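Structure first, then comments.
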Amino acid sequence: MRKILHADCDCFYAAVEMRDDPGLRDLPLAIGGSADKRGVIATCNYPARRYGIHSAMPTARALRLCPELKLLKPDFDRYRRVSHDIQAVFHELTPLVEPLSLDEAYLDVSEVTRFQGSATWMAHWLKQEVLTRTGIVVSVGVAPNKFLAKIASDWDKPDGLFVIPPTQMRASSRGWRSTSCTGSALPPRPSWRV
Ligand SMILES: [Mg+2]
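Quick note: the sequence shown uses this note's numbering, first residue 1, plus one each step.
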């Protein structure tokens, strides 16, 4: 049985900005293009999400929803440097890292013997190490395949750690099928916990 971690930073660009300027933490904050250039929101923090703002939303609309929104232009060089530091932690666990974007990757830990081979312990370690070394919070999903690991990393956000053990694979897939036609992006979080 394979063991896959899906690691996904919480509101990554906004998290980097808040790390580097803690005064931004409690403000509704978005990273994106300016409204007068038909820009869109790339990422926003959780205070901004409470106004209904989300990524891919036109900046003009976000500013209508929250006129006091703090809007920053993305600084991709800085995000890339932080991403590099985070990926270095991933590579300490396993060489089998498959990045999906600056803030997201699959880690195949099937052959890792550290932590007595426990993928759950590995996920705990990963979250702690990334936070300690980079100041960035990462949510992790653990599952026997990539598809479920990616879903699991979203179930417990922010600062999530959700494990789908092999014994629950079938139930998780059923949950996915029964909700996939409702238009929601993800199935509801299951009631069982590990
Ligand atoms: Mg992310």
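We treat Cβ as the ideally placed atom computed from N, Cα and C, and that holds for glycine.
Nothing here was measured: the structure is a model prediction, and the numbers come from that model.
Proximity of valine 82 and valine 138 at Cβ, strictly below 8 Å: The sequence position of residue 82 within the sequence shown is 82, counting from 1. The sequence position of residue 138 within the sequence shown is 138, counting from 1. Contact flag unset, no.
Assigned exposure category for valine 194 - 16 Cβ within 10 Å defines buried: The residue you call residue 194 lines up with position 194 of the sequence shown. The pLDDT assigned to valine 194 is 42, lower than 50, so where the model puts this residue is not dependable; a value taken from the coordinates is nonetheless given after this. Counting Cβ neighbours within 10 Å, valine 194 comes out exposed, since fewer than 16 surround it.
Straight-line gap, glutamate 129 to glutamate 68 (C-alpha atoms, nearest Å): In the sequence shown, residue 129 corresponds to position 129, counting from 1. In the sequence shown, residue 68 corresponds to position 68, counting from 1. One C-alpha to the other measures close to 34 Å.
Reduced DSSP category for tyrosine 51 - H, G, I as helix; E, B as strand; rest coil: Along the sequence shown, one-based indexing puts residue 51 at 51. Tyrosine 51 falls in the coil class under three-state DSSP.
Ligand 1 heavy atom lying under 7 Å from the CB of glutamate 129: The count along the sequence shown starts at 1 and reaches residue 129 at position 129. Flag unset: Cβ of glutamate 129 not near ligand 1.
For tyrosine 6, the residue or residues it bridges with in DSSP: Within the sequence shown, residue 6 is the residue found at index 6, counting from 1. Note that residue 6 is histidine in the sequence shown, not tyrosine. Paired residue(s): Tyr106 and Gly141.
Residue(s) in a DSSP beta bridge with glutamate 68: For this step, residue 68 is matched to residue 68 along the sequence shown. According to DSSP, which records beta bridges pairwise, glutamate 68 is partnered with nothing at all.
Nearest to lysine 11 (by Cα), restricted to the options Val40, Ser55 and Ala143: Locating residue 11 in the sequence shown gives position 11, counting from the first residue. At residue 11 the sequence reads cysteine, which differs from the lysine that was named. Comparing Cα positions, the closest option is Ser55.
Residue closest to alanine 7, alpha-carbon to alpha-carbon, out of Thr167, Ile136 and Arg80: Stepping through the sequence shown from its first residue, residue 7 is reached at position 7. Cα-wise, what sits closest to alanine 7 is Ile136.
Phenylalanine 162: first and last residue of the uninterrupted beta strand (DSSP E) it sits in: Sequence index remark: in the sequence shown, residue 162 carries index 162 (1-based). Run containing phenylalanine 162: 161-163, per the beta strand (DSSP E) assignment.
Euclidean distance between Cα positions of proline 47 and arginine 64: Within the sequence shown, the letter at position 47 stands for residue 47. Within the sequence shown, the letter at position 64 stands for residue 64. Rounded to the nearest angstrom, the two C-alpha atoms are 15 Å apart.
Cβ neighbours of serine 184 in the same chain (closer than 8 Å, five flanking residues each side left out): Locating residue 184 in the sequence shown gives position 184, where the first residue counts as 1. Interpretation of serine 184 is limited by its pLDDT of 42, a score under 50 that renders its predicted location unreliable; no figure is taken from the coordinates.
Residues that DSSP places opposite cysteine 44 in a beta bridge: Residue 44 sits at position 44 when you count from the first residue of the sequence shown. Beta-bridge pairing links cysteine 44 to Ala30.
Limits of the unbroken beta strand (DSSP E) element including valine 82: As a first step, residue 82 is located in the sequence shown; it is residue number 82 there, counting from the start. Counting along the chain, valine 82 falls outside any beta strand (DSSP E), though it belongs to the alpha helix (DSSP H) covering 76-93.
Cβ-based burial, glycine 141 [other Cβ within 10 Å; buried from 16]: As a first step, residue 141 is located in the sequence shown; it is residue number 141 there, counting from the start. The residue is buried, with at least 16 neighbouring Cβ atoms inside 10 Å.
Near ligand 1: cysteine 44 beta-carbon under 7 Å from a heavy atom: One-based indexing of the sequence shown puts residue 44 at position 44. Result no, Cβ not under 7 Å from ligand 1.
Nearest-angstrom Cβ-Cβ length linking arginine 80 and leucine 102, presumed shorter than 8 Å: Residue mapping note: residue 80 aligns to position 80 of the sequence shown, counting from 1. Residue mapping note: residue 102 aligns to position 102 of the sequence shown, counting from 1. Sure, about 6 Å apart at Cβ, within 8 Å.
Buried or exposed (CB count within 10 angstroms, at least 16 for buried), leucine 29: Here residue 29 corresponds to residue number 29 of the sequence shown, with the count starting at 1. Buried, since its Cβ has 16 or more Cβ neighbours within 10 Å.
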